[in-house]
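Asks: With my numbering, you'll find the sequence shown wraps up at 178, consecutive numbering, no jumps.
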Amino acid sequence: MITTDRIAFRDALPSGGRLLGLDLGTKTIGTALCDAGWSFASPAVLIRRAKFTSDKAVLVTMIAKQHVAGLVLGLPINLDGSESPRSQSTRSFARNLADLALPILLWDERWSTQAVERQMIAEDISRAKRAERVDKLAASYILQGAIDALVQA
C-alpha cells in the first residue's frame with residue numbers, strides 16, 4: 026500500500042512498529058528511524074545512490090535489521106501544492122519498493138531541508154559538515170512530522 030493518507034497508513038500498522046524515513050536525493054538517500062511507539066525520530070545512515078537494485082538491497086538489509094514495519098518517504102511538492110518531476114520520481118521509487126509488502130506513506134517534505142539547514146547554521150556548523158549531514162537530518166525531520174501527525178490522528 027502506497028498512500029498520502031496518514032489515517033490509512035496508521036491503520037495498516039495497528040500495533041505501531043518502527044518506521045524508516047527516507048529523504049530521496051539525486052546523489053544520496055537520507056534515512057531516519059523512529060521507535061516502535063512513534064515518539065521520536067533519529068537520523069540513521071546516509072546511502073550514496075547507485076543503481077536502484079543496490080539502493081534497494083541496502084534498504085532491505087536495514088529494514089530487516091531494524092525490524093521496520095513501514096516506510097515514510099518525503100514527497101517533494103511545490104510551494105503551490107502541485108507535483109514536480111521529483112515528486113513523480115519519488116512515487117516511482119515507492120512503487121519499486123511495493124514488493125517489500127510494507128505500508129508506504131508519502132509525506133509532504135516542502136520545508137524539511139530548509140528547516141534543517143537553518144538549524145545547522147544557527148548551531149554554527151561548517152558548510153562541509155552541513156553538506157554531509159543535511160539529508161539524514163532532513164529524513165529525521167520528515168519522519169518526526171509524520172509520526173507526530175500519526176499520533177494525533
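C-beta: ideal position from N, C-alpha, C; glycine also.
Note that the structure is predicted; figures quoted are calculated from it, not measured.
Report buried or exposed for glutamine 113, applying the criterion of at least 16 other Cβ atoms within 10 angstroms of its Cβ.
Replies: exposed
Asks: Can you confirm whether the segment 122-136 touches the segment 66-80 when touching is taken to mean that 3 or more C-beta pairs between the two stretches lie within less than 8 Å?
Replies: no
Asks: Going by the DSSP bridge assignment, what does proline 68 pair with across the sheet?
Replies: Ala57
Asks: DSSP three-state call for glycine 170: helix, strand or coil?
Replies: Of the three classes helix, strand and coil, the one that applies to glycine 170 here is helix, per DSSP.
Asks: Which same chain residues end up closer than 6 Å to methionine 26 when comparing Cβ atoms and leaving out the 5 residues on each side of it in sequence?
Replies: Closer than 6 Å at Cβ, skipping near neighbours: Ala37 and Pro128.
Asks: By Cβ distance below 7 Å, which residues in the same chain neighbour glycine 41 in space, the five residues on each side in sequence not counted?
Replies: Ala61, Gly62 and Trp63
Asks: Measuring only the C-alpha atoms, how far is phenylalanine 77 from asparagine 103?
Replies: 25 Å
Asks: Which value, in whole angstroms, describes the spacing of the CA atoms of alanine 163 and glycine 55?
Replies: 7 Å
Asks: Span of the beta strand (DSSP E) holding aspartate 133?
Replies: 129-133
Asks: Measure from the alpha carbon of leucine 49 to the alpha carbon of each residue in Ile167, Ser107 and Asp105, then state which is nearest.
Replies: Ile167
Asks: Would you give the residue range spanned by the beta strand (DSSP E) that aspartate 48 belongs to?
Replies: 43-49
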